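In our numbering, the protein residues as written are 604 to 826. A virtual CB, placed ideally from N, CA and C, is assigned to each residue, including glycine. This structure is a prediction, so every number in the text was calculated from the model and none was measured. Input: a single structure, listed below in structure tokens.
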């Protein structure tokens, strides 16, 4: 984002212009995890830390932080434009189609990557597709949750759904439900309380996780 703002790209097309750089970053993370002993969390930390450092330097070179950059750092749903809405809908359709088409391969890969490879699943190709789709989704979520909170928006709904110990298909559906619910209620509550929408959405996701976790603990019979 700092790069495209520095070179003078119109704010209306910052998200579109940032996509190639984010895709390159996602491929770098995949390369680090697949060709070395660095795990995914460490690779994400390396690339994200470098990105933040470079972004701060570029922001200072462009004359300091401005409103546009802050909207990407902390989120501002009111700045989402028609181009980004159309792009988000296209990505939604593409992601849904990919998940449906590759459902069996995704299930095998999620269960055990080595077993999936032995079964003939093209794990490298599937992993690259997942990294790219995640990168695109992260870019589109920047305006809603902000760069600082987008990782929580990607992780928390899935983590909450996993606590329910359901099938793979039901877990995916539950994760989508938690995410959509948090976004809708978060936007409404943020509007009513005059608070940042991104932070409210993430807090609701954390509340969902806490409630599900506590309910799961209470439902376990004591011995």
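key: Reduced DSSP secondary structure (H/G/I, E/B, other) of residue 767   = Coil.
inquiry  = Our contact map puts residue 743 next to residue 724 with C-beta atoms below 8 Å; I'd like the distance itself, whole angstroms only.
reply    = The pair is not a contact, with the Cβ atoms about 28 Å apart (cut-off 8 Å).
ask   = What are the boundary residues of the alpha helix (DSSP H) that residue 817 is part of?
value = 800-822 is the extent of the alpha helix (DSSP H) around residue 817.
query = What do you reckon, are the CB atoms on residue 734 and residue 635 nearer than 8 Å?
reply = At least 8 Å separates the beta-carbon of residue 734 from that of residue 635.
ask   = First and last residue of the alpha helix (DSSP H) that includes residue 684?
value = Counted as a single uninterrupted DSSP element, the stretch harbouring residue 684 is not any alpha helix (DSSP H), since DSSP gives it neither H nor E.
key: Between the CA atoms of residue 755 and residue 789 - distance to the nearest angstrom   = Pairing residue 789 with residue 755, the inter-Cα distance amounts to about 14 Å.
query = So, are the CB atoms of residue 785 and residue 804 less than 8 Å apart?
reply = The Cβ atoms of residue 785 and residue 804 lie closer than 8 Å to each other.
inquiry  = Please report the distance separating the alpha-carbon of residue 716 from that of residue 796.
reply    = A straight-line Cα-Cα distance of about 45 Å links residue 716 and residue 796.
For residue 760 and residue 827, believed in contact at Cβ under 8 Å, the rounded distance = Residue numbering for the chain in the displayed model covers 604 to 826; residue 827 lies beyond these limits and cannot be assessed.
query = Could you give the distance in angstroms between the alpha-carbon of residue 801 and the alpha-carbon of residue 758?
reply = Straight-line measurement puts the Cα of residue 758 at about 14 Å from the Cα of residue 801.
request  = Measure the C-alpha to C-alpha separation of residue 772 and residue 661 and round it to an integer number of angstroms.
outcome  = As the crow flies, the alpha-carbon of residue 772 is around 43 Å from that of residue 661.
key: Rounded straight-line distance, which links the Cα of residue 736 to that of residue 638   = Distance from the CA atom of residue 638 to the CA atom of residue 736, rounded to whole angstroms, is 21 Å.
message = Please report the distance separating the alpha-carbon of residue 648 from that of residue 821.
response = The straight-line gap from Cα to Cα measures roughly 35 Å.
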